[in-house]
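Right, one structure below, let's go through it.
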Amino acid sequence: MTTPVRPARSRMPLSIWIVAVVLPLIAAATAVAVQLAWLPELPDPVATHWGTEGPNGFAPPWASPVLTGGVVLGLAGMFALSLGTARGAAPTATHKLLAVLSLSVAVFLGVTVTASLGVQRGLDDARDAPGLGGWLLVAAVIALALGAVAWFLLPKAVSPTEDATPAAPMPLVPGERTVWIATTRVQGGAIVAILSAVGFALAASLFAIVVSDGLVWPLALIPLLLLVMCAIGTVWRVRVDSTGITVGSRPFGVPRTRIAVSDISRVETRHVEPLADFGGWGWRWAPGRSFGVVTRRGEAIEVQRRDGRRFTVTVDDAATGAALLAAYTATAAGSGERHR
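Residues 1148 to 1487 (the numbering used here) make up the sequence shown, in order.
Laid out in structure tokens, this is it:
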């Protein structure tokens, strides 16, 4: 059996830090500075939401700079944590995607909120404010353009699978039916990070609901949805048998992934960094046709399907589970060849 190689820790390129953290903070600081400078010229309250017939949501003027600064600080902090836990000197596609999202969201939010205040300068009543349709388009174009430029200027992404180790098939007696079962769960610092994200979402949604006099109450569904996702993504059962690999949430059983041995082309073990490789914990997607169940940093079983898609699950003693799955996959492949 083989043990996945743990990549050595080294610094992420400075350009990634600049795009993911520095530029978003500069964009937010610039937007907040402009918004604060305009406060004396704004009506109280200011319009914060527009309907088909004009402004229909209002809040104190100070709420806009607080929203802009708070959201960008939270996102930049999350991305800084992701980069700080990364291993390797080259970014993965997930690193680049998170960095670009950080910059684009900061720019879009900064331009949109600042423009919403700019159109209200000198007004006595915020209900007379014009619409923001044109500014929303401008903000989207600027954010997408900067994100695209940043993506192509950042270093080329490396594939996490470059660190994968092929699993050596476990020796089995002909006719033997061995089953490997393991439970993997999110714990420790990951729980703290997840609960912090839920708390941030809850605080932000409550703030928006209060300052808008309840107009945006559906935002309360966001932390509720996050809690549901936590409930179904914290504990998982992994089973490897002669039919393939099955990974299901506990205690609900959904979501559940089953990959038959006939659909497997390769079985490997690898080292996984949750934030760096998959952007977080639980049921995850990563650029490059890759899905996974990620509960912690460390060893994982990685399966490549015949169509090229990959599935990864972090679990203790991944080498044993991968070796057994590789053995059954080889047996199934041999049987298929004999029946041709």
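The beta-carbon is built from N, C-alpha and C at its ideal position, and this holds for glycine as well.
Everything numeric in this text was worked out from a predicted model, so none of it was measured.
Residue i - partner residues in DSSP beta bridges
i: R1384; result: T1330 and G1395
i: E1089; result: This structure does not reach residue 1089, given that the chain is present from 1148 up to 1487, and the question cannot be answered.
i: F1458; result: F1438 and V1450
i: L1169; result: Looking at the sequence shown, residue 1169 is not Leu but Val. BP columns for V1169 are empty, so no partner.
i: V1320; result: V1320 is not bridged to any residue.
i: P1313; result: E1415
i: V1193; result: A1206
Three-way DSSP call (helix, strand, coil) for residue i in this model
i: S1389; result: coil
i: W1185; result: helix
i: G1198; result: strand
i: A1407; result: strand
i: A1206; result: strand
i: A1304; result: coil
i: L1228; result: helix
i: L1220; result: helix
i: T1476; result: helix
i: A1276; result: coil
i: D1271; result: coil
i: G1426; result: coil
i: V1345; result: helix
i: G1335; result: coil
i: V1213; result: helix
i: G1400; result: coil
i: T1177; result: helix
i: D1464; result: coil
Neighbourhood of residue i by C-beta distance below 7 Å, restricted to the same chain and skipping five residues each side
i: G1468; result: W1327, A1329, V1385, V1387, I1448 and V1462
i: A1290; result: S1251, V1254 and F1255
i: S1352; result: L1366, A1367, I1369 and P1370
i: A1470; result: M1148, A1314, A1315, P1316 and M1317
i: R1444; result: V1419, E1420 and P1421
i: P1277; result: V1266
i: R1487; result: Caution applies to R1487, whose pLDDT of 49 falls short of 50 and renders its modelled position unreliable; the value that the coordinates give is listed next. Here the set comprises nothing.
i: L1183; result: P1212
i: G1294; result: V1247, L1250 and S1251
i: D1410; result: R1452 and R1453
Endpoints, the alpha helix (DSSP H) within which residue i is located
i: T1261; result: A1240 to G1265
i: G1280; result: G1280 to L1300
i: A1378; result: L1368 to I1379
i: L1161; result: L1161 to W1164
Whole-angstrom distance between residue j and residue i, CA atom to CA atom
i: R1485; j: H1242; result: Because R1485 sits at a pLDDT of 48, beneath the cut-off of 50, its placement in the model cannot be relied upon, and the following sentence gives the value as read from the coordinates. Straight-line Cα distance between these residues: approximately 45 Å.
i: F1474; j: V1460; result: First, the amino acid is wrong: residue 1474 is Ala here, not Phe. About 18 Å.
i: V1179; j: L1172; result: 10 Å
i: P1202; j: T1404; result: 47 Å
i: F1425; j: A1433; result: 5 Å
i: G1274; j: A1194; result: Residue 1274 is actually Arg in this sequence, not Gly. Going from the Cα of R1274 to the Cα of A1194 covers about 7 Å.
i: L1244; j: A1287; result: 17 Å
i: V1401; j: A1262; result: 44 Å
i: L1342; j: P1192; result: 33 Å
i: L1373; j: L1319; result: 43 Å
i: L1161; j: R1417; result: 26 Å
i: T1393; j: A1292; result: 42 Å
i: V1219; j: V1213; result: 10 Å
i: G1439; j: L1279; result: 40 Å
i: A1423; j: P1190; result: 44 Å
i: V1168; j: M1159; result: 13 Å
i: R1456; j: P1302; result: 24 Å
i: D1464; j: W1383; result: 15 Å
i: A1407; j: I1379; result: 23 Å
i: G1346; j: G1391; result: 39 Å
i: T1199; j: L1349; result: 28 Å
i: R1222; j: L1228; result: According to the sequence shown, residue 1222 is Leu rather than Arg. If you take the alpha carbons of L1222 and L1228, they lie about 10 Å apart.
i: P1207; j: W1164; result: 34 Å
i: R1431; j: L1284; result: 31 Å
i: F1226; j: L1170; result: 12 Å
i: W1197; j: F1205; result: 9 Å
i: E1188; j: F1299; result: 40 Å
i: G1395; j: D1271; result: 58 Å
i: F1399; j: A1344; result: 23 Å
i: L1264; j: W1185; result: 8 Å
i: G1335; j: T1239; result: 25 Å
i: A1174; j: V1181; result: 11 Å
i: L1472; j: I1338; result: 30 Å
i: G1281; j: A1311; result: 48 Å
i: A1479; j: S1437; result: 24 Å
i: W1209; j: A1340; result: 29 Å
Cutoff 6 Å; reference residue i; Cβ partners in own chain excluding five residues on either side
i: S1389; result: R1324 and Y1475
i: V1260; result: S1211 and T1215
i: V1333; result: T1381, W1428 and T1442
i: V1166; result: A1246, L1250 and A1297
i: S1412; result: Q1451 and R1453
Residue range of the unbroken beta strand (DSSP E) whose run includes residue i
i: Q1433; result: With the sequence shown as reference, residue 1433 is identified as Ala, and Gln is not the correct amino acid for it. Looking at the DSSP string, the run of the beta strand (DSSP E) that includes A1433 is G1429 to A1433.
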